[in-house]
Structures are given as C-alpha cells and as structure tokens.
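Engineer:
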Amino acid sequence: MAINLDKLVGFHESALNIRTERMEVIAGNLANANTPGYKARDIDFNKAMQSAMQEASGNSTGHSSKMVRTNERHLSGNSTSVAANFDMQYRIPTQPDTGDGNTVEVQAERNRFLDNGLRYQASLEFLNGKIKGMKKALGSGGQ
Numbered sequence: 001m002a003i004n005l006d007k008l009v010g011f012h013e014s015a016l017n018i019r020t021e022r023m024e025v026i027a028g029n030l031a032n033a034n035t036p037g038y039k040a041r042d043i044d045f046n047k048a049m050q051s052a053m054q055e056a057s058g059n060s061t062g063h064s065s066k067m068v069r070t071n072e073r074h075l076s077g078n079s080t081s082v083a084a085n086f087d088m089q090y091r092i093p094t095q096p097d098t099g100d101g102n103t104v105e106v107q108a109e110r111n112r113f114l115d116n117g118l119r120y121q122a123s124l125e126f127l128n129g130k131i132k133g134m135k136k137a138l139g140s141g142g143q
C-alpha cells in the first residue's frame, strides 16, 4: 500500500504556510504603527486556506497571480510567497483617525498576532501527532 504524505500532512502544511505569512503581515503592521499614512493589512485565512486546498486538489479557479514585466529592468515578481497568491486586504479601523492616516491599532494587532501564533502552534502539534503516528505505524512492522 502506497503512502501519500500530501494526504497525511497537506492541510496542516498549507495552514502553517498561511499562518507564517499572516504573522509576517501582522508584524509589518506593528512595525509601521507610527508611520503616517500606513494602512494596516491582513490575509483572510479562510479564503487563503480554501484557495490552497483547491490548488492542491487541482481545482484551480483560474485565478492567476503572475505579474507581467513591462520593462526588462523591473524585478521579475515571481514570488513563492503564500501571501502573493491572495488579495491582501486592508483593515477597516474601529477607532477614529488620529489625523496622520495610519490605520494600525496596536493593541488589536498584538491580539491578532498572539491568536495567530497560538493557532500556528496548534497546527504544529497536529502535524507532530500525525508524524508520530506514521513513525509508530512504520516501526511496528505492520503488526
């Protein structure tokens, strides 16, 4: 019987990749909390996960994120980043504008960062459990 590792860990691998990218986006928001005019961004995890699972199963919706170079001196833009495959969304601020146009709400971003980190850890634990189960099954000699 052939073992398909993509079926075993594919979901959690995608979740970890998206969570990693989301953590970088949130960290960028926090780093720019005092930058005038900076607009807080985020990745919609549910949409990103649906897209990743469709792509993994070969049911692509035709959405192409390829960039076209209009000048040979432009960077290629061929990103392997998960976030590059999704539309980055801007946050709608819940607090009134302070006058500088920045939409980063530091406490809310910290909470999102913490929540995302905990969910990342949970995905790691699930993945670790799957791998331990696989090692145990392989080590028992099929008995």
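Mapping of the sequence shown onto this note's numbering: residues 1 to 143, in sequence order. From the three backbone atoms N, C-alpha and C, an ideal C-beta is built for every residue, glycine too. All values derive from a computational prediction rather than experimental measurement.
What's the call for H12, buried or exposed, on a 16-neighbour Cβ count within 10 Å?
Structural biologist: Answer is buried; the Cβ neighbour count reaches 16.
Engineer: Is G133 near the ligand ZN, judged by its Cβ being under 7 Å from some heavy atom?
Structural biologist: Absence of the ligand ZN is noted for the structure shown, with no ligands found whatsoever.
Engineer: Do you know whose CA, among E21, L5 and K7, lies nearest N116's CA?
Structural biologist: Here the closest residue by C-alpha is E21.
Engineer: Per DSSP, what are the beta-bridge partners of Y90 in this structure?
Structural biologist: For Y90, which the question treats as bridged, DSSP gives the partners R41.
Engineer: If I'm right that L8 touches K130 with Cβ under 8 Å, what's the distance once you round it to whole angstroms?
Structural biologist: 6 Å between Cβ atoms; contact.
Engineer: Expressed to the nearest angstrom, what Euclidean distance is found between the alpha-carbon atoms of N111 and I43?
Structural biologist: Spanning the two alpha carbons is a distance of roughly 15 Å.
Engineer: Taking a contact to mean a Cβ-Cβ separation below 8 Å, would you say F53 touches I18 in this structure?
Structural biologist: Residue identity check: residue 53 is Met in the sequence provided, not Phe. In this structure, I18 does not lie closer than 8 Å to M53 by Cβ.
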